[in-house]
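20 is the number of the first residue of the sequence shown in my numbering; add one for each residue after it.
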Amino acid sequence: MQYPTQTPLRPLADTSPSAVVAGFIAMMTGYTSSLVLMYQAGQAAGLTSGQISSWIWALSIGMAICSIGLSLRYRTPITVAWSTPGAALLITSLGGVSYGEAIGAYITCAVLVIICGVTGSFEKMVKRLPSSLAAALLAGILFKIGSEIFVAAQHRTGLVLGMFFTYLIVKRVSPRYAVLAALVLGTVVSGLLGLLDFSEFHLQVAVPEWTTPSFSVGATISIGIPLFVVAMTSQNMPGVAVLRADGYQVPASPLITATGIASLLLAPFGSHGVNLAAISAAICTGPHAHEDPQKRYTAAMWCGIFYGLAGIFSATLAALFAALPKELVLSIAALALFGSIINGLTQAMSEPREREAALVTFMVTASGLTLFSVGSAFWGIVAGMLTLLILNWRKA
Numbered sequence: 020m021q022y023p024t025q026t027p028l029r030p031l032a033d034t035s036p037s038a039v040v041a042g043f044i045a046m047m048t049g050y051t052s053s054l055v056l057m058y059q060a061g062q063a064a065g066l067t068s069g070q071i072s073s074w075i076w077a078l079s080i081g082m083a084i085c086s087i088g089l090s091l092r093y094r095t096p097i098t099v100a101w102s103t104p105g106a107a108l109l110i111t112s113l114g115g116v117s118y119g120e121a122i123g124a125y126i127t128c129a130v131l132v133i134i135c136g137v138t139g140s141f142e143k144m145v146k147r148l149p150s151s152l153a154a155a156l157l158a159g160i161l162f163k164i165g166s167e168i169f170v171a172a173q174h175r176t177g178l179v180l181g182m183f184f185t186y187l188i189v190k191r192v193s194p195r196y197a198v199l200a201a202l203v204l205g206t207v208v209s210g211l212l213g214l215l216d217f218s219e220f221h222l223q224v225a226v227p228e229w230t231t232p233s234f235s236v237g238a239t240i241s242i243g244i245p246l247f248v249v250a251m252t253s254q255n256m257p258g259v260a261v262l263r264a265d266g267y268q269v270p271a272s273p274l275i276t277a278t279g280i281a282s283l284l285l286a287p288f289g290s291h292g293v294n295l296a297a298i299s300a301a302i303c304t305g306p307h308a309h310e311d312p313q314k315r316y317t318a319a320m321w322c323g324i325f326y327g328l329a330g331i332f333s334a335t336l337a338a339l340f341a342a343l344p345k346e347l348v349l350s351i352a353a354l355a356l357f358g359s360i361i362n363g364l365t366q367a368m369s370e371p372r373e374r375e376a377a378l379v380t381f382m383v384t385a386s387g388l389t390l391f392s393v394g395s396a397f398w399g400i401v402a403g404m405l406t407l408l409i410l411n412w413r414k415a
């Protein structure tokens with residue numbers, strides 16, 4: 020499955036309401052999943068509110084430029100995000116070094132990513148990954164957040180069930196508007212129940228702050244190299260798997276190189292690195308984004324536009340998302356991922372000789388396992404490849 024991209028590039032004409040909604044949900048999913056980690060890491064390191072705001076601004080601008088530029092360049096829904104595992108890593112490691120040394124470690128990580136992209140080593144590794152395991156990896160990554168809608172139903176039963184059944188009913192009548200309808204109903208119901216609180220929301224433009232980098236062996240070992248490993252195994256590899264599983268055979272090396280360059284340029288302003296997205300990317304590559312696969316690039320483009328707006332007003336971004344009920348955000352993200360989970364599971368089980376390996380990949384990835392500070396996406400691939408090797412070694 021590979022989608023041609025020979026039609027003229029007309030981003031505005033190709034845009035549909037579902038693409039705009041998918042882009043917004045992808046942006047919202049990316050921020051709400053780990054924005055609190057950024058503030059937690061910044062506060063633990065003693066950063067000022069201006070430095071934290073600049074950090075989020077730098078990430079947002081990098082994600083915006085890469086998402087818009089790469090999507091238009093390759094006519095493919097390429098979504099870029101910051102590394103959530105990387106942000107979690109910084110909570111414990113950022114306070115042990117000076118902020119200048121941390122910036123130097125970010126630069127080291129970015130240079131390593133660029134080297135992987137330029138040399139093509141990452142592309143070679145991805146090409147050796149069987150498509151069934153890549154699809155199982157995608158399904159495993161998305162499964163946890165997809166199932167959160169049913170956990171959320173325990174706390175806001177009426178709100179979540181209303182959104183869920185609205186999705187099902189509109190899906191039967193007009194599938195492309197199913198997620199939009201669920202979002203509208205969820206917002207209205209939240210307002211009626213008094214769950215929307217904008218009292219702390221005030222518009223404030225972010226001001227980027229430059230920090231001169233310095234380099235140390237300690238920061239490189241404790242921050243730079245772990246960030247690189249996390250970026251490649253927990254972000255870039257699943258990000259490429261999402262694209263390939265949904266039929267987009269875009270070359271991986273230029274994407275990795277572009278995100279590495281953006282990370283390098285924005286590191287002095289606080290960016291710890293932007294990488295290919297996985298969960299938010301699947302929202303833009305799936306059928307809910309656009310009925311025409313060749314026009315789904317507009318969803319990623321709009322996601323980038325929303326990234327840019329969020330970056331400009333990053334000083335008040337947390338207050339905006341705090342105004343929305345957590346259950347609404349979890350539910351709308353889950354509904355938007357249903358199509359991608361279905362596609363991933365279907366493709367994962369399509370090859371009989373690889374089904375058990377695909378199942379192992381899915382289960383390990385979905386488990387959330389973490390070993391040696393490396394996330395479940397990496398270990399899912401390792402477990403799946405080992406299973407495939409043992410079961411099919413020299414078998415006719």
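Think of the CB as a built atom: it goes at the ideal place given N, C-alpha and C, for glycine as much as any other residue.
Query                                                                                                                                                                                        : Result
So N294 is in the beta strand (DSSP E); what residue range does that whole segment cover?                                                                                                    : 293-295
How would you label V269, buried or exposed, when you count the other beta carbons within 10 angstroms and need 16 or more for buried?                                                       : buried
Could you tell me how far apart the beta carbons of I84 and S90 are, in whole angstroms, since I believe they sit closer than 8 Å?                                                           : About 11 Å separates the two Cβ atoms, so there is no contact after all.
In chain order, what residues of the same chain lie with their CB nearer than 6 Å to the CB of G403, ignoring the 5 residues before and after it?                                            : L152, A376, V379, T380
On the DSSP letters alone, give me the boundaries of the beta strand (DSSP E) that A100 sits inside.                                                                                         : 99-101
To which residues of the same chain is Y125 closer than 6 Å at the C-beta, ignoring the five residues directly before and after it?                                                          : A286, H291
Helix, strand or coil for G399, going by three-state DSSP, please let me know.                                                                                                               : helix
Could I get the ranges of all uninterrupted alpha helix (DSSP H) runs contained in the stretch 100-165, with 4 residues as the minimum, in chain order?                                      : 103-112, 118-138, 140-146
Per DSSP, what kind of secondary structure is L390 in: helix, strand or coil?                                                                                                                : strand
Could you say which of I302, Y326, G327, S193 lies nearest to R315 if we only look at CA atoms?                                                                                              : I302
Starting from the C-beta of T276, find all residues in its chain whose C-beta is less than 7 Å away, skip the five residues before and the five after it, and write them out in chain order. : I133, G136, V137
Please return the same chain residues whose Cβ sits closer than 7 Å to the Cβ of A60, not counting the five positions on each side in sequence.                                              : A106, L109, I110, L113
Alpha helix (DSSP H) containing S79: first to last residue?                                                                                                                                  : 68-93
Among L148, A100, R94, Q313, whose alpha-carbon lies nearest the alpha-carbon of E373?                                                                                                       : L148
Taking its Cβ as the centre, do 16 or more other Cβ atoms sit within 10 Å of R175, making it buried, or is it exposed?                                                                       : buried
Report the three-state DSSP secondary structure of S350 (helix, strand or coil).                                                                                                             : helix
Quick one, are the C-beta atoms of W74 and L66 less than 9 Å apart?                                                                                                                          : yes
Spatial neighbours of M368 within its chain, please: CB distance less than 6 Å, with the 5 preceding and 5 following residues excluded, ordered by chain position.                           : R374
Please classify R94: is it buried, with 16 or more other beta-carbons within 10 angstroms of its beta-carbon, or exposed?                                                                    : buried
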